[in-house]
Amino acid sequence: MSQQNVARVAGHLSNLAKYSLGLGAAVSFATSSLYSVDGGKRAVVFSRASGIQREVMGEGIHFVVPWLQRPIIFDIRTRPRAINSVTGTKDLQMVNLTLRVLSKPVAEKLPEIYGRLGLDWDERVLPSIANEVLKSVVAQYNAEQLLTQREKVSRQIRDTLTERARAFNIELDDVSMTHLTFGREFAHAIEAKQVTQQEAERSKYIVMVAEQEKDAAIIKAEGESQAASLISRSMATSGDGLLQLRRIEAAKEISSTLSKTRNVAYLPKGGNILLNVAP
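Residue numbers in the sequence shown follow the numbering used here, run continuously in steps of one, and reach 678 at the last position.
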């Protein structure tokens with residue numbers, strides 16, 4: 400190969416290298432200048448020159464200046480969270496509560512949320528304000544009222560917590576009280592109360608039965624008294640005929656009963672009887 404051909408090939412390779420470097424730089428610049436926002440998310444742009452931009456970027460592809468700007472992606476979909484709290488009631492009973500909270504950031508306030516709280520806004524805010532609200536609301540009720548007025552207590556917690564979260568630009572879709580338990584002392588007190596109520600009901604039943612038996616005895620005595628009075632008047636007017644009649648009826652009843660019994664033997668009135676006794 401002649402020197403001219405070698406020089407020509409070297410020139411072509413040099414030009415190709417230049418074009419490749421330029422193309423690579425262009426691709427790299429385009430890649431770092433573009434970013435995508437997926438569905439259910441929003442973006443906030445931070446600039447090294449002016450700080451957090453106030454415009455919230457929606458779904459799609461957007462442009463930033465490399466090195467000078469960078470996008471911060473927020474997930475604005477509703478997310479569940481369970482919050483536990485142990486607090487005291489108005490009558491000094493300890494209660495263990497669990498709240499299920501569905502929360503999401505207010506999309507229009509994302510620049511302010513990022514400036515105040517960062518990306519972990521829910522972790523920074525919800526546990527603290529939920530415990531604060533639970534303690535303030537539960538302290539207004541007795542332990543028994545938490546059971547009998549559970550719906551009212553849950554509604555008050557939801558309204559108060561929603562108002563507190565709004566101050567941090569957090570929207571609550573739902574707040575519900577999913578778990579409610581008391582300490583051992585309260586459980587023992589409930590059992591003792593139930594036993595006492597059962598004993599009271601049993602005592603009421605015994606008293607009622609005794610009163611009914613008393614009324615029955617009085618009625619029976621009054622009936623016997625009236626019967627005796629009638630018999631006395633009858634005997635005074637008619638002699639002892641009624642008494643003799645009652646004796647005959649009693650004798651007939653006794654003889655009827657004895658006749659049905661196999662182990663009864665009848666003897667003559669005079670007492671002369673020959674027993675068939677083998678010698």
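Built from N, CA and C at the ideal position, the CB exists for glycine as well.
Residue state for L533 is assigned as helix, using DSSP reduced to three classes. Secondary structure of V594 (DSSP, three-state): helix.
Here K508 has N568 as same chain residues with Cβ atoms under 8 Å from its own Cβ, once five neighbours each way along the sequence are excluded. Residue state for Q625 is assigned as helix, using DSSP reduced to three classes. Take the alpha-carbon of P526 and the one of V532: they are about 10 Å apart. The beta carbon of L467 lies closer than 8 Å to those of S446, R447, A448 in the same chain, with the five residues before and after it left out. Annotation for V552: no beta strand (DSSP E) segment contains it, though the alpha helix (DSSP H) segment containing it runs 549-565.
Of the candidates T559, E522, Y434, T477, the residue whose Cα lies closest to the Cα of M456 is Y434.
In the DSSP annotation of this structure, the continuous segment of the beta strand (DSSP E) that includes I482 starts and ends at 478-487. In terms of Cα proximity to M576, the closest of T488, L498, K651 is L498.
Contact holds between the region 483-503 and the region 581-597, because three or more Cβ pairs, one in each stretch, are under 8 Å apart.
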